[in-house]
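S.K.:
Numbering (our numbering), first residue to last: 2 to 291.
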């Protein structure tokens, strides 16, 4: 009950979520405050905020909820039941094929309920830090986060352009040609942006950044409109290449060869559902092509 109030920062929203009356929720929180001996919330105007003690209590309440969730998963596994819940988050670029992977998995495991979240790289790392999900699908995670990451599919990065671009049809285009182009980039924290910036540094070029966008759909629209070139995952432009709304340029040292990884915390005790999905990705993920 406290966790619902802390998450919503509202007694009324928590009450609706829990299907209780607001006075009942307020009374339970008050009893908890009396037990702790410290105020957990403070009201400023019409808004409530967590106190320092409230923030500590929120941290422990989430930890307790996670342990209960893991315990439930263990008991389900002990019963030998092929059911449960899978909480997975995927990088926004991976969303183009993640639904196909999940569709194949759910056909084999129809009793597993899947909760899917789509987020950027920084958000995925934050969610794993908070232990709020079972698995993540993303590019190579950074070192020092106590994560287990296993590759299951290639993720080639390509340079896309409108079909009328002057470099269309040319082969082995020198990387230096990109120095005179305007590039449309992903937001800071994106794995695609980090990989493309490393490529530019390695080839000693500094292209102009015209726009920064946080969705692949917006980037594809901007490239089609002739606003610049972009480095994207090949998996995100399959339809546009097929319909010839976009083309890829044959730039030297492209595609950049990267991989998709299934990732979880090192200390995470995977549920039956999470373990089954991880094994599915490692065994069959590469064969379910976008």
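Quick reminder that beta carbons are idealized off the backbone N, C-alpha and C, glycines included.
It should be emphasised that the depicted structure is a prediction, and the values quoted were computed from it without experimental measurement.
(1) Using the beta-carbon count (16 or more within 10 Å), is residue 22 buried or exposed?
(2) Please state if the CB of residue 160 and the CB of residue 255 are separated by a distance shorter than 8 Å.
(3) Write down every uninterrupted run of the alpha helix (DSSP H) in the region 32-114 whose length is 4 residues or greater and which is fully enclosed by it, in chain order.
(4) Have a look at the DSSP bridge pairing and note the partners of residue 273.
(5) Would you mind giving the Cβ-Cβ distance between residue 283 and residue 263, rounded to the nearest angstrom? I have them listed as a contact below 8 Å.
(6) Using 8 Å for Cβ pairs, my map puts residue 331 next to residue 230. What's the rounded Cβ distance?
(7) From residue 4 to residue 127, what does the alpha carbon distance come to, in whole angstroms?
(8) Report the residue from 136, 97, 109, 122 whose alpha carbon sits nearest the alpha carbon of residue 268.
(9) Which whole runs of the beta strand (DSSP E) in the region 165-236 are 3 residues long or more, in chain order?
(10) Between the alpha carbons of residue 96 and residue 134, how many angstroms are there, rounded?
(11) Going by the CB atoms, is the gap between residue 234 and residue 158 shorter than 8 Å?
(12) Does residue 148 come out as helix, strand or coil in the three-state DSSP assignment?
(13) Give the straight-line distance between the Cα atoms of residue 62 and residue 215, rounded to the nearest whole angstrom.
(14) Taking its Cβ as the centre, do 16 or more other Cβ atoms sit within 10 Å of residue 253, making it buried, or is it exposed?
(15) Could you tell me if residue 250 is buried or exposed, where buried requires 16 or more neighbouring beta carbons within 10 angstroms of its beta carbon?
(16) Which residues does DSSP pair with residue 20 in a beta bridge?
(17) Does the ligand ATP have a heavy atom nearer than 7 Å to the CB of residue 268?
(18) Which whole-angstrom value is the C-beta distance of residue 184 and residue 208, which I expect to be below 8 Å?
M.R.: Taking the coordinates as given:
(1) Position 21 of the chain shown, counted from the first residue, corresponds to residue 22. Counting Cβ neighbours within 10 Å, residue 22 comes out exposed, since fewer than 16 surround it.
(2) As a working note, residue 255 is residue 254 in the chain shown. As a working note, residue 160 is residue 159 in the chain shown. Cβ atoms of residue 255 and residue 160: closer than 8 Å.
(3) 53-79, 96-109
(4) Taking the chain shown and counting its residues from 1, the one referred to as residue 273 is at position 272. DSSP output for residue 273 lists no bridge partner at all.
(5) The residue given as residue 283 occupies position 282 in the chain shown. The residue given as residue 263 occupies position 262 in the chain shown. Confirmed, Cβ separation roughly 7 Å.
(6) Because the chain spans 2 through 291 in this model, residue 331 falls outside it and cannot be assessed.
(7) Reading the chain shown from its first residue, position 3 is the one you call residue 4. Reading the chain shown from its first residue, position 126 is the one you call residue 127. C-alpha separation (whole angstroms): 19 Å.
(8) In the chain shown, residue 268 corresponds to position 267, counting from 1. Minimum Cα distance to residue 268 is reached at 136.
(9) 183-187, 209-214, 230-234
(10) Counted from its first residue, the chain shown places residue 96 at position 95. Counted from its first residue, the chain shown places residue 134 at position 133. Approximately 16 Å between the Cα atoms of the pair.
(11) The residue you call residue 158 lines up with position 157 of the chain shown. The residue you call residue 234 lines up with position 233 of the chain shown. If you check the CB distance, residue 158 and residue 234 come in under 8 Å.
(12) On the chain shown, position 147 is the one that residue 148 refers to. Three-state result, residue 148: strand.
(13) The sequence position of residue 62 within the chain shown is 61, counting from 1. The sequence position of residue 215 within the chain shown is 214, counting from 1. Going by C-alpha positions, residue 62 is about 33 Å away from residue 215.
(14) In the chain shown, residue 253 corresponds to position 252, counting from 1. Its Cβ having fewer than 16 others within 10 Å, residue 253 is exposed.
(15) Residue numbering aside, residue 250 sits at position 249 when the chain shown is read from its first letter. It counts as buried.
(16) Translated into positions along the chain shown, residue 20 becomes position 19. None; residue 20 has no bridge partner.
(17) Inclusion of the ligand ATP in the displayed structure is not the case, the ligand content being empty and no account of it being possible.
(18) On the chain shown, residue 184 is found 183 positions in, with the first residue counted as 1. On the chain shown, residue 208 is found 207 positions in, with the first residue counted as 1. Between residue 208 and residue 184 the Cβ distance is about 5 Å, and since that is below 8 Å, they are a contact.
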